[in-house]
Amino acid sequence: MSTSLGLSYANMVSPGANLESYMRTVSRIAVLSAEEERELGERLFYEEDLEAARQLVMSHLRFVVHIAKSYSGYGLPQGDLIQEGNVGLMKAVKRFNPEKGVRLVSFAVHWIKAEIHEFVLRNWRIVKVATTKAQRKLFFNLRKSKQELRQFTAAEIKSVAEDLNVSPKDVREMEGRLGAYDAAFDAPADQDDEKAVFAPANYLEDKAADPALLLENENYVESANDQLRYAMANLDERSQDILQQRWLMDEKATLHELAAKYNVSAERIRQLEKSAMEKLKKGMEI
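Written out as structure tokens, the structure is:
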């Protein structure tokens, strides 16, 4: 397939800033016949022919644009939606088996929509509105069902729940998430003092940021470290070595390794370790 339409393959799968030019260009790329598609699919499937893969992707870019337009109601850049859809198209081409007797466009729809869905859910809100597979299905179906900016009646909730095979509670919960909005943590720079006071930054307290608590915690850690060093210093050299080898080294020694080192039994090393730990604990309580 010729690329004389003015854009490279890399530019074709990434719309860029000039979206109108991109759409005009992909609309002029010829659609493959069933025979041409099967030939290219076999070359890719059996011979891993990358040129065949390129032609399959290029000839289906117009379908991605068509699908991406149906997601324009989410307020996200059309170019980004198309680019994500193109990623799904390439994944579909990679997995396409011409022996199944299905046209690529039918097979690729699932992959294209899946990538767009993921992009919408990642970027539609700062806080994720859907995380599980069931919630994602409910999110997109509820967006289609909820045509007007109003709350559902009890009858409508029941009807949607039955259509989507979910509980009315799930529908009400997702409706609440759809109706919510993101709020900036800090007040806008041009907002007056009376309105700025309602910004979350002015009334949500971070207790961990209290300077007194931070200093207290710092002093506590420093004091605990000093006590540990003092208690360790009061142990005999063998007990110090056993504790360091067993607890403070990246590669901790085993009881048998220390037993061989000190020519005693592993049980004796265990007893010495236990005794040293008890002395250490008492030393830190002083």
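Residue numbering for the sequence shown follows the working numbering, starting at 31 and increasing by one per position.
Just so you know, even glycine gets a beta-carbon here, dropped at the ideal spot from N, CA and C.
Which same chain residues end up closer than 8 Å to residue i when comparing Cβ atoms and leaving out the 5 residues on each side of it in sequence?
i	result
K309	A261, N264, L265 and S269
E203	none
F126	G71, L74, F75, L86, L134, F137 and A138
Since residue i and residue j should fall inside the 8 Å C-beta cutoff, what is the C-beta to C-beta distance between them, to a whole number of angstroms?
i	j	result
A138	A122	4 Å
L278	I299	Rounded, the Cβ-Cβ distance is 16 Å, inconsistent with contact.
L258	M314	6 Å
M78	P128	The sequence shown places Glu at residue 78, rather than the Met named in the question. The Cβ separation is near 14 Å, so there is no contact.
For residue i, which residues of its own chain have a beta-carbon under 7 Å away from its beta-carbon, when the five flanking residues on both sides are left out?
i	result
M53	V95
P198	I187, K188 and A191
G115	V94, I97, A98, I142, E145 and I146
S295	A289
V227	Legend: pLDDT at V227 = 49, less than 50; position of this residue unreliable, value from coordinates given subsequently. No residues qualify anywhere along the chain.
Using the Cα positions of residue i and residue j, report the straight-line distance between them to the nearest angstrom.
i	j	result
M307	D271	12 Å
Y76	A82	11 Å
L134	K124	11 Å
Y104	V150	7 Å
S44	K130	29 Å
L74	S102	33 Å
S57	A185	44 Å
E50	S100	17 Å
D256	K291	30 Å
I59	M88	7 Å
S305	Q275	15 Å
L302	N153	58 Å
L80	M120	12 Å
E148	Y250	46 Å
L91	V196	35 Å
S253	E246	10 Å
A283	E297	14 Å
T55	T183	46 Å
V117	E287	55 Å
D280	D200	49 Å
E267	N293	16 Å
H140	N48	27 Å
S136	L244	60 Å
| Do three or more CB pairs link the stretch 98-115 to the stretch 64-82 at distances below 8 Å? | no
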